[in-house]
Amino acid sequence: MSKVLVFGHKNPDTDTITSAIVYAYLKQQIGENAEAVRLGELNNETQFALDKFEFAAPRLITSVVGEAEKVILVDHNEFQQSADGIEEVQITEVIDHHRIANFQTADPLYYRAEPVGCTATILNKIFKENGVEVPANIAGLMLSAIVSDTLLFKSPTCTEHDVKAGEELAKIAGVDIAEYGLAMLKAGADLSDKSLEDLLSLDAKEFQFGEYKSVVAQVNAVDINDVLGRQEELEILLNKNVAENGLDLFFFVVTDILNNDSIAVAIGQVAEATAKGFGAELVNNRVVLPGVVSRKKQIVPVLTDALK
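Residue numbering for the sequence shown is 0 to 307, as defined by numbering that gives the first Met the number 0.
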């Protein structure tokens, strides 16, 4: 039986890494030869979750070419966010909770996209549909993904399905949601060991908004001044990134996980237009985003409309 690789997007977050591990495990339980891999380095939050539930990081690959003929995508579908060489392999499945864009296949596939806060919420349903019991450590990974993507159920992306799944999985994993969730989020928001170069790629995704090539990056912080206090240096790096990659916009979002607000540093020829899309002004290359915490639901839709 040929092997199928399971992976999420580049610059992986907790949902991407854990969902790859979890879905590969489920596939193995129903008799398929699946391996979870990753397309980038782990962030502190994800490492915290893997350490807690005693999992090793999936194997790192730089391209799917020569690795496998068939792949499964979790937590993404847009090709520019996926593995190098993705056009040269067969995508057999997609399990996702994002918009569908820049996606086309030559063959039919199983595609499951639900408007929930986290891929792991969908995977919890798939375990039940296949009659496969969720082990405690797997439940812990799935809970970690839900906590991460919903900011401990505070994000506007959070649905009743996410809350119900989180409560179920916490019982199986044997952890207190509030205690564990806050500890994990704080681990992810500890930026003390990260350079600004690290932060630019920590959770960055490339998007095509109309004719404009853009990157939207997001970092969580307990104190946003840990990042914005270095704005002059940050802008130099953002301008370099824009020039080297032919970007029209680099939208770098710093989210305060305690107060549920964000401030973005916007660089590029359409920076002012993006600020107007949020009903704000670009001041000192900053866009103040009160109450905004979700890239998927509160940022990308606005940028899509503003730059169409």
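Ideal placement from N, C-alpha and C gives every residue a C-beta, glycine not left out.
Quick caveat, the model's predicted, so the values are computed rather than measured.
Where does E309 fall in DSSP's three states? As shown, the chain starts at 0 and ends at 307. That puts residue 309 outside it, with no answer to give.
Find the nearest neighbour of V146 within the set N10, K193 and A48, judged by alpha-carbon distance. A48
Inter-stretch contact (C-beta, 8 Å, three-pair minimum) for the segment 10-28 and the segment 202-211: Counting C-beta pairs closer than 8 Å gives three or more between the segment 10-28 and the segment 202-211, which meets the contact rule.
Residues that Q207 bridges to, as DSSP identifies them: K212
Candidates L140, H75 and P134: which alpha carbon is nearest R111's? Measuring from the Cα of R111, the nearest candidate turns out to be H75.
N123 to Q89, Cα distance in whole Å? 25 Å
Do you know how far the Cα of L248 is from the Cα of S143? 31 Å
For V219, write down the residues that DSSP places opposite it in a beta bridge. In the sequence as displayed, the identity of residue 219 is Asn instead of Val. According to DSSP, which records beta bridges pairwise, N219 is partnered with T254.
Selected residue, minimal CA-CA separation from A19, among E34, C157 and F208: E34
At least 3 beta-carbon pairs within less than 8 Å: the segment 125-142 vs the segment 154-169: yes
Exposed or buried, K153, counting other C-beta atoms within 10 Å across all chains shown (16 or more means buried)? K153 comes out exposed.
Pick helix, strand or coil for V286, following the three-state DSSP scheme. strand
Starting from S18, follow the alpha helix (DSSP H) in both directions and report where the run begins and ends. T13 to Q28
Report the three-state DSSP secondary structure of E77 (helix, strand or coil). coil
So, under 8 Å CB-CB, A263 and V286 are touching, yes? Tell me the CB distance rounded to an integer number of Å. 4 Å
Which full runs of the beta strand (DSSP E) of 3+ residues lie inside the segment 103-152, going along the chain? 109-112
Distance between R294 and L288 (C-alpha atoms, nearest Å): 11 Å
In the DSSP assignment, what residue or residues form a beta bridge with E34? L4
What would DSSP say about F249, mapped onto helix, strand or coil? strand
Stretch-stretch touch, CB-based, cutoff 8 Å, three pairs: the segment 249-260 with the segment 210-228: Look at the beta carbons and you see the segment 249-260 touching the segment 210-228: at least three pairs across the two are nearer than 8 Å.
With DSSP as the reference, please indicate the residues paired to A263 in a beta bridge. V252 and V286
Can you list, in chain order, the residues of its chain whose CB lies under 8 Å from that of S62, leaving out five sequence neighbours each side? Around S62: A82, D83 and G84.
Does the count of Cβ pairs from the segment 30-45 and the segment 119-133 closer than 8 Å reach three? no
According to DSSP, is I60 helix, strand or coil? coil
With 16 other CB atoms within 10 Å as the buried threshold, where does L184 fall? buried
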